[in-house]
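Here is the structure we will look at.
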Amino acid sequence: MDGPGMNMITKRPDILVSVFDAKLHYDVGGAFAAMRGKSTVVKAVDGVSFDIRRGESVGLLGESGCGKTSMGRLLLKLEEKTGGTIHFNGEEIGAVRGSGLKKFRSKAQLIFQNPFDAINPRFTIRQTLSEPLENADIPKREREDRIIAALELVKLPEPAQFLDRYPHQLSGGQLQRVVMARALILQPEFVVADEPVSMLDVSVRAGVLNVFRDVRDRLGLTAIYISHDLALVRYVCERTIVMYLGGIMEDGPTEDIVREPLHPYTKALVAAVPVPNPDQSHDPLPIGRGAPDPRNPPSGCVFRDRCPAAHARCAAEIPQPKPVGTRTVACHLY
Amino acid sequence: MKNFKAVGGRLLQLALVLWAVVTILFLMFRLMPGNPMAAYIDPTFTLEQQQQLMAQFGLDKPLWQQYLIYLGNLLQGELGQSFRYREPVGQRIWILLPNTLILTFSSLIVAYVFGILAGAYLAWRRGSWVEQAAIPLVLTTRAMPEFWLGMVMLAIFSFSLGWLPAGGTRAPGAEYSGFLDLYTSRDFLAHLALPAATLAIYSQGLPLLLMRSNMLDVMKEDFVTMARIKGLSNWTVVVRHAARNALLPVMTSFAIAVGYQLQGNVVVESVFSWPGLGRELVNAVAASDYPLAQGAFLMIALVVIFMNLLADLLYAFLDPRISHA
Amino acid sequence: MSEPLLSVRDLRVSYQVGRNFVHAVDGASFDIPRGSITGLVGESGCGKTTVARALTRVIAENAAITGGQILFDGKDLAKIPEREMNALRWRDIAFIPQSAMNSLDPVYTVEYQLAEVLRRRGGMNRKQARARSEELFEMVGIDANRLNDYPHQFSGGMRQRVAIALALALDPKLIIADEPVTALDVIVQRQILDQLKELQTRLGVSVILVTHDISVVAYICDRTVVMYAGKVAESGTMQAALTAPSHPYTMGLRNAFPDLQGAASGILTPIEGAPPNLANPPTGCRFKPRCPFALDICGTEPPVVDVAPGHPVLCHRANESAALRIEAARTETWMAPA
Amino acid sequence: MPEIAAAAIIKSRRPHILARMFRALRLPMNDPFAVAGLLIYLVFIVVAVFADQIATHDPTEILYTPAYDLAADLRPGQDGFIMGTTSLGRDIFSQLVYGSRSALLIGITAAFMVALIGSIIGLVAGYFGRWVDAILMRLADIAFGIPFLPFVIVLAAFLRPSIWNVVIAMALVLWRDTARVIRSQVLTLRTRGYVEAARVAGSSDFKIILRHIAPNILPLSFLYGSIAIGWAILTEASISFLGFGDPDSISWGYMLQDAFASQALAKQAYYWFVPPGICIILVVSAGFFITRGYENILFPKLSR
């Protein structure tokens with residue numbers, strides 16, 4: 121799709137979030153870098169378009185520096201976009217201010233990557249969870265019950281005993297459940313989870329992921345799950361968007377992407393994932409070794425300098441996302 | 009060498025600071041109550057004579073016009089006439105500046121060499137009784153009024169023991185042929201010893217504490233542990249790796265310390281009657297000789313601002329993470 | 006099997022925190038055969054990094070080796086004097102740190118740091134050191150003209166390659182790699198692991214790979230040692246320990262790992278609870294509070310049972326492992342532990 | 021600047037109000053230095069408050085010995101003068117006692133002003149960033165360009181000489197150090213997860229600053245406040261020594277100027293000019309000791 125007509129998308133009730141040609145460029149500066157003629161503008165997100173239907177779980181998959189976290193922050197207005205449009209419930213979020221912003225905040229929430237950093241160490245769990253309630257002007261007497269309900273929702277055993285505890289007295293898994301409870305306490309429609317389990321031990325991760333899946337289904341949430349780990353994305357999302365150097369390479373059902381990756385980068389990504397059984401293939405990855413430099417990406421397709429199938433056209437022309445079977449792929453091979 | 013076009017931002021910032029300080033200086037000296045030349049107008053002067061004197065110093069024009077003249081003169085290095093000495097301020101400043109700089113740099117170099125070595129040693133002997141004793145001692149040197157320390161040093165070494173002269177830069181009547189001859193003569197050094205020692209004792213605390221704290225931080229870094237795992241000798245690990253990294257911020261603090269030291273000079277020069285910019289400023293202000301005071305203040309401010317800039321550049325060049333961005 | 010390069014016997018390491026002692030490693034025993042890659046696997050706080058660092062005898066100020074032996078080439082590294090130990094460092098035992106970023110001195114070029122090891126520890130002169138540095142960079146696939154760059158000018162993956170080059174500098178007998186690829190993205194991670202495997206096979210050096218990620222161990226290691234709460238739960242060949250785990254903890258760990266090739270509908274099963282506090286560890290088996298197969302007997306110290314030759318398991322029900330393994334595969338087993 | 025530890029390990033029940041306050045201000049009660057610092061402060065505060073009762077004479081009154089000649093240059097203990105008399109025949113001990121009053125008065129007010137102004141500017145610059153940050157930091161650069169002591173001297177020459185000149189001068193210029201340090205602390209705090217979480221939870225900027233940012237910079241402001249007390253006392257002493265002090269208020273600086281002018285050095289009257297110096301050192305170093313300031317006395321790390 122070469123970019124939907126603006127008004128057509130915003131009217132469709134089933135679309136909760138519509139992103140069209142979103143850009144986030146910022147100047148990193150650095151006098152000495154500038155002196156050597158190196159560009160100092162980082163294109164964290166460079167022309168990304170996708171839509172998310174209500175109740176859909178979408179994985180934002182990519183390596184560090186691919187722009188997935190920036191994209192998540194743009195969706196929640198934690199970062200102001202420098203181009204394109206983002207619609208939430210049919211309304212462009214760029215202009216939202218004051219009470220409109222407060223309403224948006226209650227509808228769109230974030231689950232943080234590092235639970236140990238996401239809660240103020242001086243606040244008790246009760247104070248942490250009552251902050252969103254205060255902002256939504258929930259009367260004082262109702263808050264205790266809603267806090268307990270939120271903690272039960274995230275399966276924290278006997279929540280009452282946690283209320284007066286400080287964050288350093290909880291384990292990683294428990295803290296992440298409190299972070300989730302805080303995000304869900306105002307019954308949002310839309311949740312962005314930024315690598316929610318990457319800081320947790322493997323044996324604890326599964327528990328937190330199961331809670332996330334259970335809560336998402338129970339509240340009918342629309343969710344974005346940001347991760348560099350394809351196996352985790354597959355466990356949580358039915359659709360995945362693969363990002364590289366600020367752009368979307370491939371977008372489609374997760375199972376199809378895992379079974380039959382189309383974009384050369386996705387192929388390398390899927391092949392690279394080590395699986396816990398000893399007799400997996402050891403043949404070298406179909407990808408060049410260069411490290412992506414966000415400050416000066418290659419011309420045309422940003423992946424061409426590492427792509428085994430790169431040809432002349434890839435350098436000349438940026439590949440537009442094209443429908444290929446169940447997927448949308450941005451590559452001249454199709 | 010790399011071109012510095014990109015460092016323009018920093019130079020622009022410098023120009024702004026310079027302009028602001030110069031303007032503040034101008035306003036300060038013009039906003040005072042009464043007539044700036046009151047102290048120099050003989051009551052017997054007639055009105056015209058007073059007007060004529062004022063005109064000579066350009067004080068009869070409206071403020072903004074004086075400001076423009078003031079800026080114009082400044083750009084040509086013209087600092088106006090001293091009320092008291094009736095001679096160009098610039099000339100006097102130029103003679104006194106070397107004295108102040110020599111006092112500042114000699115004391116600071118001694119302070120930094122001692123501070124760095126002692127700081128590194130204390131970091132290496134972390135937790136020992138040596139450190140327990142040294143830190144409070146260093147703290148008291150930071151808590152000490154410099155002029156009081158000067159007085160005590162004077163009383164002991166000059167008056168009680170009589171080893172060193174009590175002030176000034178050279179014995180009365182001693183003649184010196186050249187510039188270099190003066191500044192390296194035994195007589196000058198004897199005069200320099202006490203004031204420089206006073207300033208050095210006061211300012212060694214900064215590099216010492218900074219070096220010690222940096223060393224402690226760096227010793228925790230992974231690359232220091234790796235150096236030990238590589239089996240490198242203790243000397244190599246502590247000096248070549250830990251000290252070399254810890255030294256970085258200490259070197260840049262030297263430039264800023266010069267700025268702070270200049271302020272300390274004001275009192276120390278007065279105690280030792282050392283003919284420098286600090287003492288000149290004090291005497292000029294006491295005598296309400298505002299152009300001279302303004303010139304002395306400006307020169308001190310220029311050196312401070314230049315040193316702040318030097319600190320930034322020094323930091324960028326010393327740290328490869330910035331110079332090889 | 007030839008005599009192992011390294012055998013650790015009942016190693017104990019404890020940290021002094023305030024007045025009490027944390028027994029981070031409480032009697033760990035395992036062997037490292039020559040010319041192989043052995044995975045040292047366990048979750049955070051299980052003592053794997055402490056063991057790795059104990060082998061180099063460069064441990065934290067407040068730590069101390071309080072017991073056991075580290076037999077390496079006929080010498081007990083836990084007891085030999087510091088001078089003798091230092092002679093071994095980097096010549097025989099090298100180390101690859103987790104994030105090479107702050108393990109390389111930021112104010113010296115990479116060449117300086119290579120030459121420093123080659124000349125001060127390897128006794129080479131300037132010319133030999135330069136030649137060897139170029140050869141090492143060649144081996145790990147970095148362009149030799151990048152030798153005089155500074156560490157911060159290298160990407161994550163390249164820095165890790167520099168760290169490998171550094172480790173290989175003096176042809177050590179043993180390389181200990183502490184989470185070498187954890188901080189890297191999956192593609193670079195794979196390329197570094199492939200490189201490590203290729204170099205290990207070609208040079209015949211023994212490698213200990215410390216990691217929390219059993220899929221990384223499965224991908225590259227010949228043998229594995231699974232640690233839990235300061236003790237070795239189980240160790241053995243890759244097939245034995247991972248495809249057919251015999252300790253309940255390894256079984257649980259195996260289930261908690263998302264498997265890309267497994268069925269899409271597979272449910273990840275967590276291990277409820279948390280590892281014990283090592284300041285005052287519980288008596289008996291330390292996994293008992295989280296183990297679905299725990300019996301009363303597990304309250305007493307579990308024996309080390311050789312389920313198969315070279316496959317010791319620290320568990321009272323070790324010889325029932327085949328049956329337990331089937332039961333462990335079912336999610337409900339873990340949902341409500343005994 | 022060593023990273024302020026995120027949370028002290030405390031018992032689960034709500035800690036006692038005083039313990040919480042001390043924890044908030046990071047006052048290490050078990051550290052001998054801090055306790056010594058506090059004791060020194062207490063002593064001087066008591067002396068300052070009860071100066072009238074403690075002092076044996078009026079500090080400015082010219083005194084005579086029982087034999088009616090001028091009680092000048094008396095050694096400590098002579099004719100009942102505990103610490104001797106000045107060349108003008110005034111009681112040194114009384115001057116010392118009253119000197120503590122002006123020292124603490126100036127020290128604390130100046131420190132309060134510097135810490136307050138510096139913290140607010142640092143907070144606003146660090147939190148809001150962009151042009152607000154640029155303007156405030158250029159202001160700080162200008163303040164850094166002004167040599168402080170010369171500035172106070174020139175200021176004292178214009179304004180009627182009074183002990184408040186130092187306080188005004190410090191309020192105008194010395195907020196610069198605190199502002200720069202608080203700003204860098206706020207910059208790191210702003211990126212912390214729980215600050216973003218508060219923003220996502222819909223809290224206003226004001227509420228975020230009040231509840232999440234300010235409590236974490238309190239220890240730093242208090243630390244720089246205690247260092248500023250030292251600076252103020254040292255500056256006042258220097259100004260009085262140079263003759264720009266407040267003539268009708270007795271301060272340690274004035275005593276030293278009086279001694280210096282009366283050739284006390286030549287007379288080797290150590291009993292006259294040493295004690296005021298010692299008092300200054302005690303009070304100023306007490307400020308450093310209390311907050312273990314010596315760990316942070318150095319320049320804020322010039323981390324870019």
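Residue numbers (this note's numbering), protein chains in the order written: chain A, 121 to 454; chain B, 9 to 333; chain C, 6 to 343; chain D, 21 to 324. Glycine is no exception: its CB is placed at the ideal position from the N, C-alpha and C atoms.
Quiz item: Quick one, which residues of the stretch 208-234 of chain D are near chain A if we go by CB-CB under 9 Å, in chain order?
Solution: 212, 213, 214, 215, 216, 217, 218, 219, 220, 221, 222, 223, 224, 227, 231, 232
Quiz item: Does the beta carbon of residue 109 of chain C come closer than 8 Å to any beta carbon on chain B?
Solution: Against the third sequence, residue 109 of chain C aligns to sequence position 104. For residue 109 of chain C, the answer is yes, since a Cβ of chain B falls inside 8 Å of its Cβ.
Self-check item: Collapsed DSSP secondary structure at residue 153 of chain C in the structure displayed
Solution: The residue you call residue 153 of chain C lines up with position 148 of the third sequence. The answer is coil: DSSP assigns residue 153 of chain C none of H, G, I, E or B.
Quiz item: Is there at least one Cβ from chain D nearer than 8 Å to residue 332 of chain A's Cβ?
Solution: Position 212 of the first sequence, counting from 1, holds the residue named residue 332 of chain A. Residue 332 of chain A does not count as touching chain D.
Quiz item: With 8 Å set as the bound, which would you pick, yes or no: does the beta-carbon of residue 282 of chain B sit closer than that to a beta-carbon of chain D?
Solution: Translated into positions along the second sequence, residue 282 of chain B becomes position 274. Chain D contact via Cβ: absent.
Quiz item: Going by beta carbon distance, what residues of the same chain come within less than 7 Å of residue 259 of chain B, once the five residues before and after it are set aside?
Solution: Here residue 259 of chain B corresponds to residue number 251 of the second sequence, with the count starting at 1. Contacts found: 322, 326.
Quiz item: Per DSSP, which one or two residues make a beta bridge with residue 311 of chain A?
Solution: Locating residue 311 of chain A in the first sequence gives position 191, counting from the first residue. Paired residues: A/229, A/343.
Exercise. On a CA-only basis, which of D/156, D/285, D/123 is nearest residue 65 of chain D? Give me that one, please.
Key: Taking the first residue of the fourth sequence as position 1, residue 65 of chain D is located at position 45. Comparing Cα-Cα distances from residue 65 of chain D to each of D/156, D/285, D/123, the minimum goes to D/123.
Exercise. Can you grab the Cα-Cα spacing for the pair residue 280 of chain D / residue 161 of chain B, in whole Å?
Key: Taking the fourth sequence and counting its residues from 1, the one referred to as residue 280 of chain D is at position 260. Taking the second sequence and counting its residues from 1, the one referred to as residue 161 of chain B is at position 153. Approximately 13 Å, taken between the alpha carbons.
Quiz item: Which chain A residues sit within Cβ distance under 7 Å of residue 261 of chain C?
Solution: One-based indexing of the third sequence puts residue 261 of chain C at position 256. Chain A residues near residue 261 of chain C: 322, 323, 325, 326.
Exercise. Measuring only between beta-carbons, confirm whether residue 169 of chain A sits less than 8 Å from chain C.
Key: Here residue 169 of chain A refers to the residue found at position 49 when the first sequence is read from its first residue. So no, residue 169 of chain A is outside the interface.
Quiz item: Helix or strand or just coil, what does DSSP make of residue 211 of chain A?
Solution: Residue numbering aside, residue 211 of chain A sits at position 91 when the first sequence is read from its first letter. In this structure, residue 211 of chain A counts as strand in the three-state DSSP scheme.
Quiz item: Would you report the Cα separation of residue 16 of chain C and residue 226 of chain A, rounded to the nearest angstrom?
Solution: By one-based count along the third sequence, residue 16 of chain C stands at place 11. By one-based count along the first sequence, residue 226 of chain A stands at place 106. If you take the alpha carbons of residue 16 of chain C and residue 226 of chain A, they lie about 54 Å apart.
Quiz item: In the DSSP assignment, what are the bridge partners of residue 73 of chain B?
Solution: In the second sequence, the residue the question calls residue 73 of chain B occupies position 65. In DSSP, residue 73 of chain B forms no bridge with anything.
Quiz item: When burial is assigned at 16 or more other CB atoms within 10 Å of the CB, is residue 22 of chain C buried or exposed?
Solution: Start at 1 with the first residue of the third sequence, and residue 22 of chain C comes out as number 17. Exposed: under 16 other Cβ atoms inside 10 Å.
Exercise. Put residue 308 of chain C into one of helix, strand or coil per three-state DSSP.
Key: For this step, residue 308 of chain C is matched to residue 303 along the third sequence. Residue 308 of chain C falls in the coil class under three-state DSSP.
Quiz item: Beta-carbon separation of residue 342 of chain A and residue 284 of chain A under 8 Å?
Solution: In the first sequence, the residue the question calls residue 342 of chain A occupies position 222. In the first sequence, the residue the question calls residue 284 of chain A occupies position 164. Contact flag unset, no.
Practice problem: With a threshold of 16 other CB atoms inside 10 Å of the CB of residue 208 of chain A, please say whether the residue is buried or exposed. | Solution: Counted from its first residue, the first sequence places residue 208 of chain A at position 88. So residue 208 of chain A counts as buried.
Practice problem: Throw me the rounded Cβ distance for the residue 326 of chain C and residue 251 of chain C pair, which I believe falls under 8 Å. | Solution: Your numbering for residue 326 of chain C matches position 321 in the third sequence. Your numbering for residue 251 of chain C matches position 246 in the third sequence. So it is a contact: roughly 4 Å between Cβ atoms.
Quiz item: Mind checking residue 229 of chain C: buried by the 16 CB within 10 Å criterion, or exposed?
Solution: The residue given as residue 229 of chain C occupies position 224 in the third sequence. By the 10 Å Cβ count, residue 229 of chain C comes out buried.
Quiz prompt | Alpha-carbon spacing of residue 6 of chain B relative to residue 300 of chain B, whole angstroms | solution = In the structure as shown, chain B begins at 9 and stops at 333. Residue 6 of chain B is therefore absent and cannot be evaluated.
Self-check item: Residues near residue 81 of chain B by beta carbon distance below 8 Å, same chain, minus five either side
Solution: Walking along the second sequence from the start, residue 81 of chain B turns up at place 73. 87, 88, listed in sequence order.
Quiz prompt | Members of the stretch 245-259 of chain C that neighbour chain F once the beta carbon cut-off is set at 7 Å | solution = Of the protein chains in the structure, A, B, C and D, none is chain F.
Quiz prompt | Unbroken stretches of the alpha helix (DSSP H), 4 residues or longer, contained in the stretch 124-205 of chain B | solution = 137-150, 154-161, 187-192
Quiz item: Among residues of its own chain, excluding the 5 on either side of residue 261 of chain C, which ones have a beta-carbon nearer than 7 Å to its beta-carbon?
Solution: In the third sequence, counting from the first residue as 1, residue 261 of chain C sits at position 256. So the list reads 273, 274, 275, 276, once near-sequence residues are dropped.
Practice problem: Quick one: give me the first and last residue of the beta strand (DSSP E) that residue 233 of chain C is part of. | Solution: Numbered from its first residue, the third sequence carries residue 233 of chain C at position 228. 228-233 is the span of the beta strand (DSSP E), which, as asked, contains residue 233 of chain C.
Exercise. Flag this pair as yes or no: are the beta carbons of residue 206 of chain B and residue 276 of chain B separated by less than 8 Å?
Key: In the second sequence, counting from the first residue as 1, residue 206 of chain B sits at position 198. In the second sequence, counting from the first residue as 1, residue 276 of chain B sits at position 268. A contact, by the Cβ cut-off of 8 Å.
Quiz item: The alpha helix (DSSP H) with residue 202 of chain D in it runs from where to where?
Solution: The count along the fourth sequence starts at 1 and reaches residue 202 of chain D at position 182. It spans 195-210 - the alpha helix (DSSP H) in which residue 202 of chain D sits, taken as one unbroken run.
Practice problem: Check whether the Cβ of residue 11 of chain B lies closer than 8 Å to any Cβ atom in chain D. | Solution: As a first step, residue 11 of chain B is located in the second sequence; it is residue number 3 there, counting from the start. Confidence is the limiting factor: at residue 11 of chain B the pLDDT is only 40, short of 50, which leaves the residue's position unreliable and the question unanswerable from this model.
Self-check item: Within 8 Å, strictly: CB atoms of residue 265 of chain D and residue 167 of chain D
Solution: The residue given as residue 265 of chain D occupies position 245 in the fourth sequence. The residue given as residue 167 of chain D occupies position 147 in the fourth sequence. Cβ distance not < 8 Å, so residue 265 of chain D and residue 167 of chain D don't count as in contact.
Quiz item: Taking just the CA atoms, how far does residue 263 of chain A sit from residue 312 of chain A?
Solution: Numbered from its first residue, the first sequence carries residue 312 of chain A at position 192. Numbered from its first residue, the first sequence carries residue 263 of chain A at position 143. Each residue's alpha carbon lies about 24 Å from the other.
Quiz item: Looking at the C-beta of residue 195 of chain C, does it have a partner C-beta in chain A at a distance below 8 Å?
Solution: Here residue 195 of chain C refers to the residue found at position 190 of the third sequence. So yes, residue 195 of chain C belongs to the interface.
Quiz item: residue 93 of chain C to residue 58 of chain C, Cα distance in whole Å?
Solution: In the third sequence, counting from the first residue as 1, residue 93 of chain C sits at position 88. In the third sequence, counting from the first residue as 1, residue 58 of chain C sits at position 53. Roughly 14 Å between the two C-alpha positions.
Quiz item: Under the rule that 16 or more other beta-carbon atoms within 10 Å means buried, what is residue 228 of chain B, buried or exposed?
Solution: By 1-based counting over the second sequence, the position of residue 228 of chain B is 220. Exposed is the call here.
Exercise. Determine the direct distance from the alpha carbon of residue 236 of chain C to that of residue 337 of chain C, and round the result to whole angstroms.
Key: Here residue 337 of chain C is taken as the residue at index 332 of the third sequence, counted from 1. Here residue 236 of chain C is taken as the residue at index 231 of the third sequence, counted from 1. Their Cα atoms are separated by approximately 27 Å.
Exercise. Scan the stretch 79-105 of chain C for residues whose Cβ lies nearer than 7 Å to a Cβ of chain B and list them as they occur along the chain.
Key: 91, 94, 95, 100, 102
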